[in-house]
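Quick note, the sequences are listed as chains A and B, same order. Reminder that position 182 of the first sequence reads as 183 in our numbering, one-by-one numbering, no gaps. Reminder that position 232 of the second sequence reads as 1473 in our numbering, one-by-one numbering, no gaps. We put the beta carbon where it would ideally sit given N, CA and C, even for glycine. Predicted model only: the values in this text are computed from it and were never measured.
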Amino acid sequence: MKQTSLTAAAAAPSARASRLREIGRTVWQFRAFYAMLLPGVIYYVIFRYIPMYGVIIAFKDFNMMEGIVGSSWADPWYKHFQAFYESPYFSQLLTNTLLISFYKLIFGMFPPILMALLLNECRVRWFKSLIQTLTYMPHFLSWVIILGILIALFSQNSGIVNRWIVEAGGQSIPFLTSTDYFRSILVGSEIWQNIGWGAIIYLAAIAGIDPTLYEAARVDGASRLNMIWHITLPGIRSVIVMLLILKLGHIMDAGFDQIYILYNIQVYPVADILDTWVFRTGLQQLNFSLASAVGLFKSAIGLALVLISNRLARRWGEGIW
Amino acid sequence: MVKGLEDRVFNSIVYLILALAGLCAVFPLMYVVSVSITPFAEVLKNGGFILLPKSITFDAYRKLLTESGIPRAFWVTVFITVVGTAVNLVLTTLMAYPLSRKKLPGRSFFLLLVVFTMLFSGGIIPTYLIVKAMGLLDSVWAMILPGAIWSFNVLIMKSFFEQLPEELFESARMDGAGEFRILWQIVSPLSLPVMMTVGLFYMVGHWNEFFQAIMYVTDRTLFPLQVIVREILMLTQQPLETVENMTPTETMQMASVMLASLPIIIVYPFIQKHFTKGMLLGSIKG
């Protein structure tokens, strides 16, 4: 009796020890892999996760001297959020962010689909690949290049479009500096940049449609247009829905680079979005806590939207890929 | 026979629209090229359509290459593109390869570590403070290190590595090769397609570098090409302080646009199919 309890008592710590040794052995066995992961993990911790911890400055009165940890807490803790909410910027920035993003979503949705359908109908191989090559290309041009192109086309005194307008007897139009046209410029340039690139995924989906469907339709005397409408489009419907949902998840991202590069002071009222404002307020006016609060506000809503949209996409887009 | 006619009309419409789309994609660039090589006097006089310039001059390019900040910016961009892409590829491969080994204990933890950053980020300001604390402000490394790994590219590579046959690894291990050696001598050569794709994504990203430069760099001598070109472009849009006392003409502006896009336009046709492959690889993982 006494002896068994003794051995049991002795066994307990040794069991724990052996489990530890077991874990140690597996880790040792995979040490090469962990060594490979090390630089990457260090990168993620320093440049991705410490900044996530750094968002606490949204709840502090950040002071450069004291640093993130040393700065004193804001009182009340939501002070900077409240300041933003009560500022005139709140509704303007939120409206601009959502509107620009929404316009891009709606107007940017169909051109790539149309492009994919047309390319799919194109039977001449070399022509198809030529057009594809040409229309993908803008995707790789930076927004600065696109700004250059927009200036060449639309600037008020030297743009080719305004020269035509003036030659035709009209008044030149400040396309790039007027609040009336700026959002159209944003959306239009985005479509120009991404139409060919966006078509790739639809083309892949079309390639996955069962070809016997088309043969059967042809036997039944369907026209090409009929086939597009009744076979191709329904065939890629789930991809369309899925991409739409996934894009809705990113509705808070109206595109920092594009807007920052293209905008100017005259169009701030219609072009300034959360990201560009955070950049100006935080880094140019050194208002770190307020800017972080706004950044956190945006990231938190963005996270929620992405999670919701991913879940919806998984439910409705099931079995596509 | 009605059918044949209908088909022909349909085809013509398809080809017409596609041709128009192709033209829309290249026309603006061709126009930029033409303006950049037309003598400025002719641009002013002509006041309109110059698609094929009557006389050609490379004055604007010569001026830009001798009198502006462009050459220095060009080398900064070349540096961050070459070194940055190398850093990206090494780190991304080292991250993706262990993650592709299904038996690795803690794999899902590391995967979560990577994927979560695609969903949430600390935002511009806290990231800036870290870069500052690391002492990277005003150095070329500020344009390389903070973006050293893109999670999306880790996932592309990981899904490629997962497709490699398991026997490959087992036989190599049997022959006594260590994991680093397997990665370097067996996996890497087989992974050329994905290395190419991911490398190209990184390269284009570095060549077009703008965001990190304006965030972390205030020293003008370290500005990459895109930042300088934007300054040159903005000069006529609104009066700013001049770039080194140079008032760029329209032809010079367009020449600067060409210089900033030329490398991409030149290599693009040769590497285009890799991008497509990468895009599809990435989307399959969703």
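Reference residue i; option with closest CA among the options
i: I1321 of chain B; options: B:Y1443, B:S1497, B:K1514; result: B:Y1443
i: R124 of chain A; options: B:I1506, B:E1491, B:Y1256, B:I1507; result: B:Y1256
i: K248 of chain A; options: A:I237, A:Y264, A:L313; result: A:L313
i: F1401 of chain B; options: B:L1521, B:G1245, B:V1274, B:S1275; result: B:L1521
i: V1372 of chain B; options: B:H1515, B:A1454, B:I1254; result: B:A1454
i: A1496 of chain B; options: A:Q259, A:K129, A:Y86, A:G149; result: A:G149
i: E122 of chain A; options: B:P1510, B:N1252, B:S1309, B:V1331; result: B:N1252
i: L131 of chain A; options: B:A1262, B:W1448, B:L1474, B:A1327; result: B:A1262
i: A206 of chain A; options: A:E216, A:S239, A:T178; result: A:S239
i: F128 of chain A; options: B:L1345, B:L1264, B:F1393; result: B:L1264
i: Y90 of chain A; options: A:W317, A:L306, A:V295; result: A:V295
i: L120 of chain A; options: A:G256, A:Y35, A:T134; result: A:T134
i: I1258 of chain B; options: A:M37, A:L118, A:N158, A:T282; result: A:L118
i: I47 of chain A; options: B:Y1369, B:V1250, B:S1296; result: B:Y1369
i: G209 of chain A; options: A:G236, A:I192, A:A218, A:V188; result: A:G236
i: W1316 of chain B; options: B:F1410, B:F1516, B:W1448; result: B:W1448
i: K1518 of chain B; options: A:L204, A:R22, A:S72; result: A:L204
i: K61 of chain A; options: A:A16, A:I43, A:K80; result: A:K80
i: W193 of chain A; options: B:L1270, B:L1377, B:G1245; result: B:L1270
i: R250 of chain A; options: A:L106, A:W74, A:M65; result: In the sequence as displayed, the identity of residue 250 of chain A is Gly instead of Arg. The candidate whose alpha carbon is nearest that of G250 of chain A is A:L106.
i: Q1513 of chain B; options: A:I43, A:Q259, A:Y264, A:I201; result: A:I201
i: S143 of chain A; options: A:I266, A:V307, A:I262, A:P52; result: A:I262
i: L1352 of chain B; options: A:S88, A:W230, A:G189, A:Y45; result: A:Y45
i: L1377 of chain B; options: B:P1312, B:L1476, B:Y1457; result: B:Y1457
i: I43 of chain A; options: B:A1266, B:I1297, B:P1294, B:L1354; result: B:L1354
i: T1298 of chain B; options: B:R1313, B:S1277, B:L1503, B:T1318; result: B:S1277
Residue i vs residue j beta-carbon contact at 8 Å
i: I114 of chain A; j: I241 of chain A; result: yes
i: S293 of chain A; j: I58 of chain A; result: yes
i: A153 of chain A; j: I161 of chain A; result: yes
i: A1383 of chain B; j: N1329 of chain B; result: no
i: V1435 of chain B; j: M1398 of chain B; result: yes
i: V56 of chain A; j: P1387 of chain B; result: no
i: I1385 of chain B; j: G1325 of chain B; result: yes
i: V1498 of chain B; j: V1331 of chain B; result: no
i: L304 of chain A; j: F1361 of chain B; result: yes
i: S179 of chain A; j: I246 of chain A; result: no
i: S1392 of chain B; j: T1358 of chain B; result: yes
i: I1365 of chain B; j: F280 of chain A; result: yes
i: F63 of chain A; j: S290 of chain A; result: yes
i: P1339 of chain B; j: L38 of chain A; result: yes
i: T27 of chain A; j: A255 of chain A; result: no
i: G1310 of chain B; j: R1471 of chain B; result: no
i: G41 of chain A; j: L1405 of chain B; result: no
Element boundaries [alpha helix (DSSP H), containing residue i]
i: N195 of chain A; result: 183-208
i: A59 of chain A; result: That residue, A59 of chain A, is in no alpha helix (DSSP H); it is neither H nor E in DSSP.
i: Q267 of chain A; result: From DSSP, Q267 of chain A is part of no alpha helix (DSSP H); its letter is neither H nor E.
i: S130 of chain A; result: 126-137
i: S293 of chain A; result: 289-317
i: V240 of chain A; result: 234-249
i: N1329 of chain B; result: 1311-1341
i: R49 of chain A; result: Run containing R49 of chain A: none; DSSP gives neither H nor E here.
i: T277 of chain A; result: 275-280
i: K1554 of chain B; result: The requested residue 1554 of chain B does not occur in the structure, where chain B is confined to residues 1242 to 1527.
i: D1300 of chain B; result: 1300-1308
i: V1439 of chain B; result: 1433-1448
i: T1358 of chain B; result: 1348-1360
i: A223 of chain A; result: Premise fails: A223 of chain A is in no alpha helix (DSSP H) and is neither H nor E.
i: F1425 of chain B; result: It should be pointed out that residue 1425 of chain B corresponds to Trp in this sequence rather than to Phe. Where W1425 of chain B is concerned, there is no enclosing alpha helix (DSSP H), given that its DSSP letter is neither H nor E.
i: V162 of chain A; result: 161-168
i: P1280 of chain B; result: It is not in any alpha helix (DSSP H) - P1280 of chain B carries neither H nor E in the DSSP assignment.
CB-CB length for residue i against residue j, believed under 8 Å
i: L1463 of chain B; j: A1501 of chain B; result: Incorrect: roughly 16 Å between the Cβ atoms, too far for contact.
i: M110 of chain A; j: G197 of chain A; result: Not confirmed; about 15 Å, so no contact.
i: L214 of chain A; j: I232 of chain A; result: 5 Å
i: G1419 of chain B; j: A33 of chain A; result: 6 Å
i: T1307 of chain B; j: V1395 of chain B; result: No, T1307 of chain B and V1395 of chain B are not in contact; Cβ-Cβ is about 43 Å, not under 8 Å.
i: L1345 of chain B; j: F31 of chain A; result: 6 Å
i: W278 of chain A; j: L94 of chain A; result: 5 Å
i: S1341 of chain B; j: E1403 of chain B; result: 5 Å
i: I260 of chain A; j: L187 of chain A; result: 7 Å
Residue i CB to nearest heavy atom of the ligand HEM below 7 Å
i: K61 of chain A; result: What this structure holds is no ligand at all, so the ligand HEM is not there to describe.
Should the segment 182-189 of chain A be regarded as contacting the segment 265-274 of chain A, the criterion being three or more beta carbon pairs within less than 8 Å?
With a cut-off of 8 Å, the segment 265-274 of chain A and the segment 182-189 of chain A count as touching, because enough Cβ pairs lie within range.
For the segment 1278-1285 of chain B against the segment 1489-1496 of chain B, are there 3 or more C-beta pairs whose distance is under 8 Å?
Put simply, the segment 1278-1285 of chain B touches the segment 1489-1496 of chain B. At least three CB pairs are less than 8 Å apart.
State whether the segment 226-234 of chain A contacts the segment 135-145 of chain A, with contact taken as three or more CB pairs (one from each stretch) at a distance under 8 Å.
When Cβ pairs closer than 8 Å are counted between the two stretches, the segment 226-234 of chain A is seen not to touch the segment 135-145 of chain A, the count staying below three.
State whether the segment 274-283 of chain A contacts the segment 97-108 of chain A, with contact taken as three or more CB pairs (one from each stretch) at a distance under 8 Å.
Yes: the two stretches touch, three or more of their Cβ pairs being nearer than 8 Å.
When the Cβ atoms of the segment 169-177 of chain A are set against those of the segment 1300-1311 of chain B, are three or more pairs found closer than 8 Å?
Verdict: no, contact absent.
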